[in-house]
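Quick note on the numbering used here: the sequence shown kicks off at 172 and runs consecutively. Where a beta carbon is used, it is the ideal one built from N, C-alpha and C, also for glycine. Note that the coordinates shown come from a computational prediction; the quantities given were computed from them, not determined experimentally. Single-structure report; data block below.
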Amino acid sequence: MPNHLGGYIPMWLLLCMTLLFSPNQAIPQLTVTQPIAGAAQVELFDTDKERVVERFDNSASFQAVAQSLLNSVNGRVMEINPSLSRAMIVKIPLAPPKKLIHKPSGINTTISDVYVIMSRERPRPYMILRTTENEILLVEFAEETAELKKLVHLTP
């Protein structure tokens, strides 16, 4: 999509903006564990349908998975425009925000939201991280996503 400068807006940026500013819709909620009081909900976004398809109460289980993924960050995504097509994206708002330090990548910031991108066109998932300063980071991680997939019902 061309921007006002004549260039193109990266697909991941467009998706981030959609997720950040999407209105709440009536979507069934499923409680995984005891919800965290005052924490924003976890959302499952389907890029094929271009909408949030499910919401979940944010819980200690989601927070533990997010922390595990953050602990396994092993670098920045080096692709110029990583694929967001044919993907499921899980947005996990962190309650409270978490510090992320990865010296080899020069990352030393506090993360407020984790977006786990599980694309059927990319061999490994990656994350879009939103900082408390509203900066966006694209990172790769080593942790498996089996537990996350189970929490959002993406496993059979």
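Inset, instruction - Could you name the residues that DSSP lists as bridge partners for P264? - result: D284
Legend entry - Within the region 222 to 251, ranges of the alpha helix (DSSP H) (whole runs, at least 4 residues): 231 to 242
Inset, instruction - Rank P268, S256, A258, V310 by C-alpha distance to the C-alpha of G277 and give the top, closest one. - result: V310
Inset, instruction - Please list the segments of the beta strand (DSSP E) lying wholly inside the region 294 to 327, counting only runs of 3 or more residues, in order along the chain. - result: 297 to 302, 307 to 312
Legend entry - Euclidean distance between Cα positions of I299 and A208: 25 Å
Inset, instruction - With a threshold of 16 other CB atoms inside 10 Å of the CB of I332, please say whether the residue is buried or exposed. - result: This structure cannot speak to residue 332, because the chain is shown only from 172 to 327.
Inset, instruction - Work out the CA separation of V244 and S283 for me, nearest whole Å. - result: 16 Å
Inset, instruction - Please classify K270: does DSSP put it in a helix, a strand, or coil? - result: strand
Legend entry - Inter-residue CB distance, L322 and I288 (contact presumed, cutoff 8 Å): So it is not a contact: roughly 16 Å between Cβ atoms.
Legend entry - Bridge-paired residues (DSSP) for E214: R226, K262
Legend entry - Sheet register partners of I278 (DSSP bridge): H273
Inset, instruction - Quick one: grab the DSSP three-state call for P253. - result: coil
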